[in-house]
Amino acid sequence: MIAIGGTIGTGLFVGSGATIATAGPLGSLIGFLTVGIMVYFITTSLGELAAYMPVSGSFNTYAGRFVDPALAFALGWNYWLQWAISLPSELAAAGIIMSFWCPTVPSWVWSAIILGLLVLIHSRGVEGFGESEYWLSIIKVVAIVLFIISGTMVDLGWIGTGPMIGFDNWKIEGAPLKNGIVGIFNVFVVAFYGFGGTELVGVTAGEAINPSKNVPKAIKQTFWRILLFYVIAIFVMGLVVRNDDPSLLDSANKGDITIAPFTLVFERAGLSSAAHVMNGVIFSAVLSASSSAMYAATRTLMSLAHDEKAPAILGKINSKGVPTYSLILTTLIGCLAFLSTIWGDGEVFTWLLNITGSSGIITWLSIAVIHIRFRRAFQLQKESLDRLPYLAPLYPFGPWIAIVFGAGIIIGQGYAAASIEPFKFRNIFAAYLGIPFFLTMLIGYKWWHNTSLIDLTACDLSGGGDDEEVVMDQGNSHSAVEECTQSRSDERSLLLPI
């Protein structure tokens with residue numbers, strides 16, 4: 476269930492409406508499908524690596540083994556910053572959502588309570604994270620399935636008060652391809668945020684039971700969950716809701732759940748309490764995103780410490796396998812950014828959030844490059860591909876397609892920023908704020924340590940068997956596999972959040 480619900484983020488429930496308004500039903504569908512293809516190839520590339528070498532450090536560890544230690548350093552800190560800054564933004568969103576039911580209680584109070592709850596959950600180790608993600612995933616999956624069924628029945632006129640709609644909303648002015656290629660370009664940026672976090676399959680592989688079996692199993696489901704939970708949902712939404720409905724843009728810009736596209740469809744299906752139901756669903760999605768951000772940030776810091784790219788204290792773990800000091804630091808950083816929203820320093824906070832967007836695409840592009848280098852090493856060392864538990868389909872086309880699409884998304888981010896009225900150069904700078912940070916870390920580490928590209932003819936191609944992943948720190952060992960044996964089922968043991 477966690478693997479199935481893994482790609483469902485908050486953006487699908489709220490931000491998807493704006494894509495139909497700006498690109499039309501077909502344009503929105505093309506945009507999400509294009510990014511979905513990129514995500515699929517990125518996930519399969521990482522899946523091949525993670526199934527063969529299941530380590531908690533994931534792609535930043537792979538970068539140091541197959542590309543350059545400088546890339547491993549920059550990618551690791553880039554990824555930690557991405558999730559550390561995502562945490563307070565999700566907490567703030569959770570507080571606002573709770574204000575829908577309790578308007579007299581300040582939203583920051585709810586955010587603080589939820590942060591405390593997250594710390595307690597993650598203090599239990601990977602088991603606590605997996606259990607919470609399992610149940611949150613159930614809520615999201617059920618909501619999407621009910622939406623698709625209800626929307627289809629509304630479109631056919633089987634339920635609700637209206638007549639059969641069919642493809643009528645595809646025939647109105649501006650549909651189905653509104654604003655042409657420009658509209659699709661805008662969808663790319665929104666879709667990217669919707670799919671963000673799917674690469675966590677690699678981060679969690681090091682703490683999964685039997686990764687050589689469970690990682691490929693989850694990866695093979697990627698295509699179907701992208702098809703079902705994004706493409707089909709967007710398609711149904713475009714059938715039922717007109718692209719000129721002003722509520723589509725309002726729901727995204729104002730964050731008003733009462734006019735979100737999912738709410739509109741459920742209301743037209745006859746669900747009078749649709750706003751309350753969807754508020755609960757979106758709250759579960761925000762909790763899932765917050766929990767995933769904390770997990771990814773702490774495990775990335777732990778990996779950096781083990782690779783001597785961060786202070787050693789951050790790699791220390793307790794008896795439950797939790798990197799305690801990494802958890803504390805991530806929580807503190809989250810609180811600092813969160814406090815800026817309390818004191819009204821919104822502009823600074825917004826600039827910090829821009830780091831997460833560009834940092835995410837850097838991660839995706841790096842995964843594709845690492846996969847290409849990994850396969851090249853196998854070829855140069857004349858290793859048999861039979862050693863790999865999982866082979867990424869359509870290699871080498873997959874990672875190269877992902878790189879081309881990723882470059883297009885980067886251009887799209889700049890275009891979207893330049894389109895904001897009135898035009899301000901700082902909007903473009905903010906859109907790419909994470910890139911200077913990444914380059915500074917990359918070039919700085921490379922200059923200080925005088926690193927060079929890894930020699931692929933001599934690099935280490937030894938895999939990490941299902942029972943080999945052990946987290947070590949100063950004589951204190953803890954088997955991630957042993958920790959995961961407390962999971963309720965093998966399905967839950969592979970953690971795929973967001």
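Per our numbering, the sequence shown runs over residues 476 to 973. Think of the CB as a built atom: it goes at the ideal place given N, C-alpha and C, for glycine as much as any other residue.
- Residue range of the alpha helix (DSSP H) that includes N689: By one-based count along the sequence shown, residue 689 stands at place 214. In the DSSP assignment, N689 falls within the unbroken alpha helix (DSSP H) covering 686-695.
Touching or not, the region 512-532 and the region 688-699, by the rule of three or more beta carbon pairs under 8 Å? Short answer: they touch.
inquiry  = If I follow the unbroken alpha helix (DSSP H) through K791, where does it start and stop?
reply    = For the purposes of this step, residue 791 is taken as residue 316 along the sequence shown, with counting starting at 1. For K791, there is no enclosing alpha helix (DSSP H), as DSSP marks it with neither H nor E.
Inset, instruction - Drop a sphere of 10 angstroms on the beta-carbon of V510, count the other beta-carbons inside from all chains shown, and report buried for 16 or more, exposed for fewer. - result: Position 35 of the sequence shown, counted from the start, is the residue given in the question as residue 510. With a threshold of 16 other beta carbon atoms within 10 Å, V510 meets it and is buried.
| message | By the DSSP assignment, the alpha helix (DSSP H) with R862 in it spans what residues? | response | Here the question's residue 862 lines up with position 387 in the sequence shown. Note, R862: premise wrong, no alpha helix (DSSP H); not H, not E.
| query | Taking the C-alpha atoms as reference points, what is the distance between S833 and L550? | reply | Locating residue 833 in the sequence shown gives position 358, where the first residue counts as 1. Locating residue 550 in the sequence shown gives position 75, where the first residue counts as 1. For S833 and L550, the distance between alpha carbons rounds to 12 Å.
How many whole angstroms separate the CB atoms of I571 and S582, which I take to be in contact at a CB cut-off of 8 Å?
Stepping through the sequence shown from its first residue, residue 571 is reached at position 96. Stepping through the sequence shown from its first residue, residue 582 is reached at position 107. Taking 8 Å as the upper bound for CB-CB distance, I571 and S582 are in contact here, some 5 Å apart.
(Q) Just to confirm my understanding: we take T926, look at its own chain, exclude 5 residues before and 5 after, and list those with CB closer than 6 Å. What are they? (A) Stepping through the sequence shown from its first residue, residue 926 is reached at position 451. Residues of the same chain with a CB within less than 6 Å of the CB of T926, apart from the 5 flanking positions on each side, are D543, P544, A545 in chain order.
- Task: Along the alpha helix (DSSP H) that carries R901, what are the first and last residues, could you check?
- Result: The residue you call residue 901 lines up with position 426 of the sequence shown. If you look at R901, you'll find it in the alpha helix (DSSP H) that goes 900-906.
> Helix, strand or coil: which one does DSSP assign to E606?
Replying inline: Counting from 1 along the sequence shown, the entry for residue 606 is found at position 131. Correct three-state label for E606: helix.
**OP:** Return yes when the Cβ of V664 is within less than 8 Å of the Cβ of A891, no when it is not.
**Re:** What you label residue 891 is simply residue 416 of the sequence shown in a count that begins at 1. What you label residue 664 is simply residue 189 of the sequence shown in a count that begins at 1. Taking 8 Å as the Cβ cut-off, A891 and V664 qualify as a contacting pair.
Which same chain residues, not among the five before or five after D935, have their C-beta less than 7 Å away from its C-beta? The residue labelled residue 935 in the question sits at position 460 within the sequence shown. Contacts found: R540.
Checklist entry - Between G713 and I495, is the Cβ-Cβ spacing less than 8 Å? => result Reading the sequence shown from its first residue, position 238 is the one you call residue 713. Reading the sequence shown from its first residue, position 20 is the one you call residue 495. It is a contact, given that the beta carbons lie within the stated cut-off.
Between the C-alpha atoms of M639 and T497, what's the straight-line distance to the nearest angstrom? Translated into positions along the sequence shown, residue 639 becomes position 164. Translated into positions along the sequence shown, residue 497 becomes position 22. In a straight line, the C-alpha of M639 is about 25 Å away from that of T497.
Q.
If contacts are defined as beta-carbon pairs under 8 Å, then L501 and P651 qualify, I think. What distance do you get, rounded to the angstrom?
A. As a working note, residue 501 is residue 26 in the sequence shown. As a working note, residue 651 is residue 176 in the sequence shown. About 3 Å; that satisfies the 8 Å criterion.
Given that a residue counts as buried once 16 or more other Cβ atoms are within 10 Å of its Cβ, and exposed if not, what is R901? In the sequence shown, counting from the first residue as 1, residue 901 sits at position 426. Taking all protein chains in view, the Cβ of R901 is surrounded by fewer than 16 other Cβ atoms within 10 Å, so the residue is classified as exposed.
Problem - A843 versus E674, L504, I903, residue with shortest Cα-Cα distance - result: Position 368 of the sequence shown holds residue 843. Comparing C-alpha distances from A843 to each of E674, L504, I903 shows the shortest one belongs to E674.
Closest to G873 by CA distance: which of H846, W555, A493, S894 is it?
Against the sequence shown, residue 873 aligns to sequence position 398. Selected option, being the one with the closest Cα: H846.
Does the Cβ-Cβ distance between M777 and G790 come in under 8 Å? Along the sequence shown, one-based indexing puts residue 777 at 302. Along the sequence shown, one-based indexing puts residue 790 at 315. Contact: yes.
To the nearest angstrom, report how far apart D930 and S794 are at their CA atoms.
Position 455 of the sequence shown, counted from the start, is the residue given in the question as residue 930. Position 319 of the sequence shown, counted from the start, is the residue given in the question as residue 794. In this structure, the straight-line span from the alpha carbon of D930 to that of S794 is close to 38 Å.
Contact under 8 Å by Cβ, V740 with V706 = Walking along the sequence shown from the start, residue 740 turns up at place 265. Walking along the sequence shown from the start, residue 706 turns up at place 231. In terms of Cβ geometry, V740 and V706 do not form a close pair [threshold 8 Å].
Assuming P786 and I792 are in contact, meaning their beta carbons sit under 8 Å apart, how far apart are those beta carbons, in whole angstroms?
For the purposes of this step, residue 786 is taken as residue 311 along the sequence shown, with counting starting at 1. For the purposes of this step, residue 792 is taken as residue 317 along the sequence shown, with counting starting at 1. Not a contact, Cβ separation roughly 14 Å.
Residue span of the alpha helix (DSSP H) that contains K921, given as start and end = Counting from one through the sequence shown, the residue named residue 921 turns up at place 446. For K921, the enclosing alpha helix (DSSP H) begins and ends at 909-924.
- With a 10 Å radius around its C-beta and 16 neighbouring C-beta atoms as the bar for buried, classify F667 as buried or exposed. For this step, residue 667 is matched to residue 192 along the sequence shown. The residue in question, F667, is buried, as its Cβ has 16 or more Cβ neighbours within 10 Å.
Note to self: Runs of 4 residues minimum, wholly inside the region 537-605: which ones carry the alpha helix (DSSP H) assignment?
What the structure shows: Runs of the alpha helix (DSSP H) inside the region 537-605: 544-574, 582-598.
- Cβ shell of A569 (< 7 Å), same chain only, five flanking positions each side left out: Counting from 1 along the sequence shown, the entry for residue 569 is found at position 94. Once the five neighbours on either side are set aside, the close Cβ partners of A569 are W585, S586, I589, F758, V761, L762, S765.
- Query: Is S491 helix, strand or coil by DSSP?
  - Reply: Taking the first residue of the sequence shown as 1, we reach residue 491 at position 16. In the three-state scheme derived from DSSP, where H, G and I count as helix and E and B as strand, S491 is classed as helix.
Taking only the alpha-carbon atoms, compute the straight-line gap between I910 and Y554 and give it to the nearest angstrom. Within the sequence shown, numbered from 1, the residue matching residue 910 stands at position 435. Within the sequence shown, numbered from 1, the residue matching residue 554 stands at position 79. Cα to Cα, I910 sits roughly 12 Å from Y554.
query: Considering only residues of the region 737-782, which uninterrupted alpha helix (DSSP H) runs meet the minimum length of 4 residues and lie entirely inside it, listed in chain order?
result: Counting whole runs of 4 or more residues, the region 737-782 contains the alpha helix (DSSP H) stretches 749-781.
Excluding the five sequence neighbours on either side, which residues of its own chain have a C-beta within less than 6 Å of the C-beta of I903, listed in chain order? The residue labelled residue 903 in the question sits at position 428 within the sequence shown. Residues of the same chain with a CB within less than 6 Å of the CB of I903, apart from the 5 flanking positions on each side, are G889, A892, A893 in chain order.
Worksheet item: Are G603 and Y865 close, meaning C-beta to C-beta below 8 Å?
Response: Residue numbering aside, residue 603 sits at position 128 when the sequence shown is read from its first letter. Residue numbering aside, residue 865 sits at position 390 when the sequence shown is read from its first letter. No; because the gap between Cβ atoms is not below 8 Å, this pair is not in contact.
#### Entry: C-alpha distance - A744 paired with V629, whole-angstrom precision
On the sequence shown, residue 744 is found 269 positions in, with the first residue counted as 1. On the sequence shown, residue 629 is found 154 positions in, with the first residue counted as 1. Take the alpha-carbon of A744 and the one of V629: they are about 6 Å apart.
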